[in-house]
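S.K.: Sharing a structure here in structure tokens format.
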Amino acid sequence: MTAVTPDRLGAKAPGRKALKDGGVKPIGRPFWLLGPGVLWLLVFGLAPLAFMLMMSFWTSTIFGTKPDFSFDNYARVLVTELYRDQLFKTLRIAFMTTALTVVISYPVAYLLSRLKGMQKALFVLLMFLPFWTSYVIRAFVWLPIL
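Just so we're aligned, residue 2 is where the sequence shown starts under the working numbering, counting upward by one.
Okay, structure coming up:
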């Protein structure tokens, strides 16, 4: 049984605009509701990143940093063997982790989309179980890898 609403009788619902196909859409979009979240991200996310990027070009002194534009910090990373090796090791681990995650996650997602009911709930529980383990245990697991 279908419900008879004012929209079906031809009357407009308050705050809505009729479309050509008979449907209705809300009038106006409250984009102003995004304001606090966007402001939060700008102040506590992008502003510190921009400040760190700006400071990375400053020169270091005994008493702190001096706001002189210089590429010396980046040149030191590429010239010093210890920093360069650590940078490439970090990038290698990041690439391998990304590739392995993609290779594993697509079949798991496909399997999860095919499961139903209790099997799906158990599978999701098993997937989230590692997130509940202690951070200390995870740190000790990473020691031999690094």
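Ideal placement from N, C-alpha and C gives every residue a C-beta, glycine not left out.
Should M55 and T66 be called a contact, given that it needs their Cβ atoms to be closer than 8 Å?
M.R.: Within the sequence shown, the letter at position 54 stands for residue 55. Within the sequence shown, the letter at position 65 stands for residue 66. Cβ atoms of M55 and T66: not closer than 8 Å.
S.K.: Going by DSSP, what residues sit across from K67 in a beta bridge?
M.R.: Within the sequence shown, the letter at position 66 stands for residue 67. DSSP lists T60 as partners of K67.
S.K.: Using DSSP with H/G/I as helix, E/B as strand and the rest coil, what is L79?
M.R.: Counted from its first residue, the sequence shown places residue 79 at position 78. Residue state, collapsed to three classes: helix.
S.K.: Give the secondary structure of F72 by DSSP, where H, G and I count as helix, E and B as strand, and everything else as coil.
M.R.: Locating residue 72 in the sequence shown gives position 71, where the first residue counts as 1. The answer is coil: DSSP assigns F72 none of H, G, I, E or B.
S.K.: Using the three-state DSSP reduction, which class does S135 fall into: helix, strand or coil?
M.R.: As a first step, residue 135 is located in the sequence shown; it is residue number 134 there, counting from the start. Correct three-state label for S135: coil.
S.K.: Using three-state DSSP, classify P108 as helix, strand or coil.
M.R.: Translated into positions along the sequence shown, residue 108 becomes position 107. Helix at P108.
S.K.: So L116 packs on F124, CB below 8 Å; how close in whole Å?
M.R.: As a working note, residue 116 is residue 115 in the sequence shown. As a working note, residue 124 is residue 123 in the sequence shown. Going by Cβ atoms, the distance from L116 to F124 rounds to 6 Å, so yes, they are a contact pair.
S.K.: Is the CB-CB distance between L79 and R85 below 8 Å?
M.R.: Translated into the one-based positions of the sequence shown, residue 79 becomes position 78. Translated into the one-based positions of the sequence shown, residue 85 becomes position 84. Result yes, Cβ atoms of L79 and R85 sit closer than 8 Å.
S.K.: Whole angstroms are fine: how far does the CA of P31 sit from the CA of P145?
M.R.: Residue 145 sits at position 144 when you count from the first residue of the sequence shown. Residue 31 sits at position 30 when you count from the first residue of the sequence shown. Taking the straight line joining both Cα atoms gives about 52 Å.
S.K.: Under a three-way DSSP split, which group does P31 fall into?
M.R.: Counted from its first residue, the sequence shown places residue 31 at position 30. Of the three classes helix, strand and coil, the one that applies to P31 here is coil, per DSSP.
S.K.: My guess is that W59 and P68 are in contact by the Cβ rule of under 8 Å, so how many angstroms apart are they, rounded?
M.R.: Taking the sequence shown and counting its residues from 1, the one referred to as residue 59 is at position 58. Taking the sequence shown and counting its residues from 1, the one referred to as residue 68 is at position 67. Indeed, because the Cβ distance is near 5 Å, the residues count as touching under 8 Å.
S.K.: Would the beta-carbon of K121 fall within 8 Å of that of L127?
M.R.: Here the question's residue 121 lines up with position 120 in the sequence shown. Here the question's residue 127 lines up with position 126 in the sequence shown. Taking 8 Å as the Cβ cut-off, K121 and L127 do not qualify as a contacting pair.
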